[in-house]
Amino acid sequence: LDTGSSNLWVCAKTCPNCTPHSFFDPTTSKTFAKTSSTPVNLTYGTGSVVGTIDSDSFAFGTLTLPNQQFLLATAEDTFLSNNMNHLWDGILGMGLMGLSQGPGTLTQGTPGPLTPILNMIAQNVVSVPVFSVWIGTSQGATSANALGELAVGGCDTAHFTGSVTCLPVVGMDDTSTLGFWQVPLTGVSLNAPGFKTSLPLGSASTAIMDTGSTIIGLPFTLLNELLSALNAGLDPVQQGVFAINCPTTVSQLAALPNITFTLSGVDFALTPEDYLAQDTSSGLCIIQVNQIPDSQRGIILGDTFLRKYYSIYDGESVSLFYFLPPVPTYRISA
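Its first residue numbered 419, the sequence shown is counted upward by one per residue in our numbering.
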């Protein structure tokens, strides 16, 4: 489930390096339709796949979605084939039309396959282009519900309480083209008892909500200021990972700051329990951030952030909605 891209793809039976993942054999489907023979390359922050845009009927839980265009992947790069870890066999892209790649129907002025959520509207599967994401915290859970939930056509009130905060989605690269679920970033600060430090944003002016990213991505200047303030260093075991000594007492934990992201003027705080993860191999606590290119002109709020805040993605008003603590949520509109 990836809110940072807009294409749906699965592995083809003919994909030589997609094994041992599950694959799709179009010869066994009565509803499969070949729609294009032009190769399409889908490139992600890490990894890429190549295939053709075709059409078939898909089932998501209790929903059946007919005539959904998707990429039938005939090749994937080494990163994806090595890191899919038998846990997933493709990507369900839930971004906006500006990120849709490949030949398809002209929609909203953008050529490309209809995104799954828009096709659900076109096929009368749901009445409103809204979906919601809850990411669980039980890493070793056997129940799918403990790992997370995608609610299509609305939201699941069992996962939140309290009032909702609405954030407007802004276009990509200072244009009106809507692709990422990105909102204005107006501040990043560290907050602990007795002090508050605002970090320089540099060129970062937006925050992308990306369920396809496991942690938080920051440009160099912002990342460097954050790591310096936390007195962090490189983890000696895991390459490219930043860590600090784990707090061993209540007072040490209390001395660590919250990281607050101010989105469109609204504060969203992560506590040390939210942004730290213990590395059992080194005994240190990993800070769940990494570096992204400054050219991206924004930050990426991945699962580390989205695990804290239940999110509702509204493609009709183009907004994001979040519920704040005690059970946090937000709503994004496009």
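Ideal Cβ positions, reconstructed from N, Cα and C, are used throughout, including at glycine.
Inter-residue spacing [alpha-carbon to alpha-carbon] between residue i and residue j
i, j, result
"residue 712", "residue 585", "24 Å"
"residue 483", "residue 725", "28 Å"
"residue 465", "residue 662", "29 Å"
"residue 658", "residue 699", "15 Å"
"residue 442", "residue 429", "6 Å"
"residue 444", "residue 450", "6 Å"
"residue 669", "residue 727", "26 Å"
"residue 435", "residue 553", "30 Å"
"residue 697", "residue 475", "43 Å"
"residue 574", "residue 624", "27 Å"
"residue 619", "residue 717", "10 Å"
"residue 610", "residue 692", "15 Å"
"residue 590", "residue 682", "16 Å"
"residue 461", "residue 612", "45 Å"
"residue 431", "residue 438", "11 Å"
"residue 454", "residue 540", "21 Å"
"residue 665", "residue 671", "5 Å"
"residue 729", "residue 737", "11 Å"
"residue 641", "residue 477", "41 Å"
"residue 452", "residue 651", "52 Å"
"residue 543", "residue 481", "7 Å"
"residue 676", "residue 647", "12 Å"
"residue 690", "residue 701", "16 Å"
"residue 643", "residue 649", "10 Å"
"residue 548", "residue 667", "43 Å"
"residue 467", "residue 440", "15 Å"
"residue 525", "residue 447", "Note that residue 525 scores 47 on pLDDT, short of 50, meaning its location in the model is unreliable and no value can be drawn from it."
"residue 733", "residue 602", "17 Å"
"residue 598", "residue 587", "8 Å"
"residue 579", "residue 459", "41 Å"
"residue 628", "residue 490", "23 Å"
"residue 506", "residue 463", "17 Å"
"residue 594", "residue 739", "20 Å"
"residue 684", "residue 735", "19 Å"
"residue 592", "residue 688", "28 Å"
Whether residue i touches residue j by CB criterion (8 Å)
i, j, result
"residue 607", "residue 621", "no"
"residue 508", "residue 492", "no"
"residue 720", "residue 596", "no"
"residue 488", "residue 536", "no"
"residue 550", "residue 731", "yes"
"residue 422", "residue 630", "yes"
"residue 419", "residue 498", "no"
"residue 600", "residue 626", "yes"
"residue 660", "residue 674", "no"
Residues bridged to residue i [DSSP beta-bridge criterion]
i, result
"residue 726", "Partner(s): none; residue 726 has no beta bridge."
"residue 552", "567"
"residue 494", "467"
"residue 731", "549 and 738"
"residue 708", "635"
"residue 510", "426"
"residue 472", "452 and 488"
"residue 685", "680"
"residue 718", "626 and 635"
"residue 703", "662 and 696"
"residue 460", "467"
Proximity winner among the options, relative to residue i (alpha-carbon distances)
i, options, result
"residue 456", "536, 476 and 522", "522"
"residue 714", "636, 707, 656 and 488", "636"
"residue 654", "535, 460, 453 and 704", "704"
"residue 639", "548, 709, 543 and 433", "709"
"residue 570", "605, 599 and 534", "534"
"residue 656", "634, 540 and 706", "706"
"residue 495", "684, 433 and 614", "433"
"residue 582", "734, 686 and 467", "686"
"residue 514", "530, 473, 506 and 678", "530"
"residue 479", "506, 568 and 667", "568"
"residue 520", "695, 548, 628 and 473", "473"
"residue 546", "572, 532 and 555", "572"
"residue 538", "486, 506 and 577", "486"
"residue 604", "576, 593 and 680", "680"
"residue 424", "512, 647 and 678", "512"
"residue 694", "722, 463, 667 and 733", "722"
"residue 577", "555, 459 and 628", "555"
"residue 471", "614, 580 and 532", "532"
"residue 678", "614, 628, 735 and 592", "614"
#### Entry: alpha helix (DSSP H) runs wholly inside the segment 589-664, at least 4 long, in chain order
Counting only runs that start and end inside the segment 589-664, the alpha helix (DSSP H) elements of at least 4 residues fall at 638-647.
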